[in-house]
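If you're matching positions, the sequence shown starts at 244 in our numbering and goes up one per residue.
Ideal placement from N, C-alpha and C gives every residue a C-beta, glycine not left out.
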Amino acid sequence: MDRQTRMYDNFDKIEQRTIEEILNIVYDALEERGYNAIDQMVGYILSGDPSYITSHNNARNIIGHIERDDLVEELIKSYLNK
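In C-alpha coordinates form, the structure reads like this:
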(Lines of atoms letter the chains of each structure in order from A and count residues from 1; the text may use other names and numbers.)
(Lines give C-alpha, C1' and ligand atoms only; values in the text may rest on other atoms or scores of the structure.)
Protein backbone atom coordinates (compact mmCIF):
# COMPACT_ATOMS: atom_id res chain seq x y z
CA MET A 1 0.00 0.00 0.00
CA ASP A 2 1.50 3.34 -0.98
CA ARG A 3 1.59 6.48 1.18
CA GLN A 4 -1.31 8.15 -0.66
CA THR A 5 -3.59 5.16 -0.10
CA ARG A 6 -2.69 5.06 3.61
CA MET A 7 -3.53 8.77 3.92
CA TYR A 8 -7.01 8.17 2.48
CA ASP A 9 -7.54 5.14 4.72
CA ASN A 10 -6.57 7.20 7.77
CA PHE A 11 -8.87 10.04 6.67
CA ASP A 12 -11.79 7.63 6.30
CA LYS A 13 -11.12 6.24 9.78
CA ILE A 14 -11.08 9.76 11.23
CA GLU A 15 -14.35 10.62 9.50
CA GLN A 16 -16.02 7.53 10.97
CA ARG A 17 -15.14 8.40 14.57
CA THR A 18 -17.64 10.12 16.82
CA ILE A 19 -16.91 13.45 18.44
CA GLU A 20 -16.69 11.66 21.78
CA GLU A 21 -14.05 9.27 20.43
CA ILE A 22 -12.06 12.13 18.97
CA LEU A 23 -12.17 14.12 22.21
CA ASN A 24 -10.96 11.05 24.10
CA ILE A 25 -8.06 10.54 21.68
CA VAL A 26 -7.04 14.19 21.96
CA TYR A 27 -7.42 14.17 25.76
CA ASP A 28 -5.22 11.08 26.07
CA ALA A 29 -2.55 12.53 23.77
CA LEU A 30 -2.42 15.77 25.78
CA GLU A 31 -2.24 13.88 29.08
CA GLU A 32 0.56 11.65 27.73
CA ARG A 33 2.56 14.78 26.94
CA GLY A 34 2.00 16.18 30.43
CA TYR A 35 -0.42 18.96 29.51
CA ASN A 36 -3.54 19.92 31.43
CA ALA A 37 -5.81 18.42 28.79
CA ILE A 38 -8.96 20.31 29.77
CA ASP A 39 -7.23 23.70 29.73
CA GLN A 40 -5.63 22.95 26.38
CA MET A 41 -8.88 21.79 24.81
CA VAL A 42 -10.78 24.82 26.11
CA GLY A 43 -8.05 27.07 24.70
CA TYR A 44 -8.40 25.40 21.32
CA ILE A 45 -12.19 25.62 21.27
CA LEU A 46 -12.24 29.28 22.29
CA SER A 47 -9.41 30.50 20.06
CA GLY A 48 -9.27 28.05 17.17
CA ASP A 49 -5.48 28.00 17.54
CA PRO A 50 -4.35 24.45 16.74
CA SER A 51 -1.13 24.89 18.72
CA TYR A 52 -3.17 24.19 21.87
CA ILE A 53 -3.38 20.57 20.70
CA THR A 54 -0.30 18.38 20.60
CA SER A 55 0.67 16.65 17.38
CA HIS A 56 1.43 13.54 19.48
CA ASN A 57 -0.56 10.55 18.18
CA ASN A 58 -1.87 12.77 15.36
CA ALA A 59 -4.23 14.52 17.81
CA ARG A 60 -3.99 17.95 16.15
CA ASN A 61 -4.88 16.54 12.75
CA ILE A 62 -7.71 14.43 14.15
CA ILE A 63 -9.41 17.27 16.02
CA GLY A 64 -8.99 19.52 13.00
CA HIS A 65 -11.55 17.43 11.12
CA ILE A 66 -14.34 18.66 13.38
CA GLU A 67 -15.75 22.18 13.26
CA ARG A 68 -15.34 23.93 16.61
CA ASP A 69 -19.01 24.91 16.73
CA ASP A 70 -19.91 21.21 16.32
CA LEU A 71 -17.64 20.43 19.27
CA VAL A 72 -19.34 23.04 21.44
CA GLU A 73 -22.79 21.85 20.36
CA GLU A 74 -21.94 18.24 21.23
CA LEU A 75 -20.46 19.22 24.59
CA ILE A 76 -23.54 21.22 25.56
CA LYS A 77 -25.88 18.42 24.49
CA SER A 78 -23.87 15.91 26.46
CA TYR A 79 -23.78 18.13 29.55
CA LEU A 80 -27.51 18.80 29.50
CA ASN A 81 -28.44 15.14 28.96
CA LYS A 82 -26.57 13.95 32.07
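With fewer than 16 other CB atoms across the displayed protein chains lying within 10 angstroms of its CB, residue 322 is exposed. In this chain, the alpha helix (DSSP H) harbouring residue 286 covers 280 to 290. A direct Cα-to-Cα measurement between residue 279 and residue 267 gives close to 14 angstroms.
Here DSSP, grouped into helix, strand and coil, assigns residue 262 to helix. If you compare the alpha carbons of 295, 298, 291 with that of residue 312, the shortest gap goes to 291. Rounded to whole angstroms, residue 294 and residue 283 show a C-alpha spacing of 9 angstroms.
Assigned with DSSP and collapsed to three states, residue 276 falls in coil, not helix or strand.
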